[in-house]
Each structure stands twice: as C-alpha cells, then as structure tokens.
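**Student:** Okay, handing you the structure first.
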Amino acid sequence: MKFLLYPLGILAVFSIFCVAQADDDRQTAIELLKSGQIVSVEVLLKKVQSEFPGHILKIKLDDEDDAPSGWVYETKLLREDGVVMEIEYDAKSLEIVKVEKGKQKKDHRK
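Okay, structure coming up:
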C-alpha cells in the first residue's frame, strides 16, 4: 500500500504545481495585454488566417529575447495542402520572427 501512496502523493504535488503555473501564465498574459505590451489573440488570429489559410492547431505566448517586444506568439497551423507550419510572431507588432515548414501530413483514414 505504501508503494501506491508515495507515487500518488508525488502526482498530487505535481498537479498542484502545474495548476499554479498555469494561473501565473494566465495572469502574466493579462497584465501584458492590459499594459499594451502584446496584442490580443483575436488580432493574431485574424492576421494568421489572412496570411496562411488553414487550421490553427496551437498558439502559445512565450518570452523571446530575439523578438523586438521580448514576447512571441508561437503558432502552429495545418495548411490546406496538408503541410504543418510553425510561425512565430512578435507579440506586439505581429511581425513574423521565424517560419518553419514541416512535412506534409498524410490522412491515413480509410
């Protein structure tokens, strides 16, 4: 029984840490948006969809020294031709900082 409780205890502590970290990240994003240091995700979505037609798979706000504002939106999208792209935008100006084009994803459904 002790062998089962120990891993569960570690899992509980880790879960609490992850929730606290997510709350901190959310609060940081809210403060950056209110202070004008970043633009909203809605503005980003319009820009991404106008430049790269496809389906947005992921958006993440991350601090980045190379970006003019110090923050980037990391976006991952699936283009209409099946190619997955990762595009980093400066979170304030929405200038493209980096573009990576991955392999084409194949549909294996029958």
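Numbering (our numbering), first residue to last: 3 to 112. Note that the Cβ used here is the ideal one computed from N, Cα and C, for glycine as well.
Would Val-50 and Asp-64 be called neighbours here (beta carbons separated by less than 7 Å)?
**Tutor:** As a first step, residue 50 must be located in the sequence shown, where it is residue number 48. As a first step, residue 64 must be located in the sequence shown, where it is residue number 62. No, they are not a contact pair.
**Student:** Just how far apart, CA to CA, sit Ile-40 and Leu-34?
**Tutor:** Numbered from 1 along the sequence shown, position 38 holds the residue referred to as residue 40. Numbered from 1 along the sequence shown, position 32 holds the residue referred to as residue 34. Going by the C-alpha atoms only, they are around 6 Å apart.
**Student:** Have a look at the DSSP bridge pairing and note the partners of Gly-72.
**Tutor:** For the purposes of this step, residue 72 is identified with residue 70 of the sequence shown, where counting begins at 1. Answer by DSSP bridge pairing: none, since Gly-72 is not bridged.
**Student:** What number of angstroms, rounded off, separates the C-alpha of His-70 from the C-alpha of Asp-92?
**Tutor:** As a working mapping, residue 70 is identified with position 68 in the sequence shown. As a working mapping, residue 92 is identified with position 90 in the sequence shown. Sequence check: residue 70 is Pro here, not His. Going by the C-alpha atoms only, they are around 7 Å apart.
**Student:** With distances taken Cα to Cα, identify the nearest neighbour of Lys-100 among Val-85, Glu-66, Glu-82 and Arg-81.
**Tutor:** Locating residue 100 in the sequence shown gives position 98, counting from the first residue. Ranking Val-85, Glu-66, Glu-82 and Arg-81 by Cα distance to Lys-100 puts Glu-66 first.
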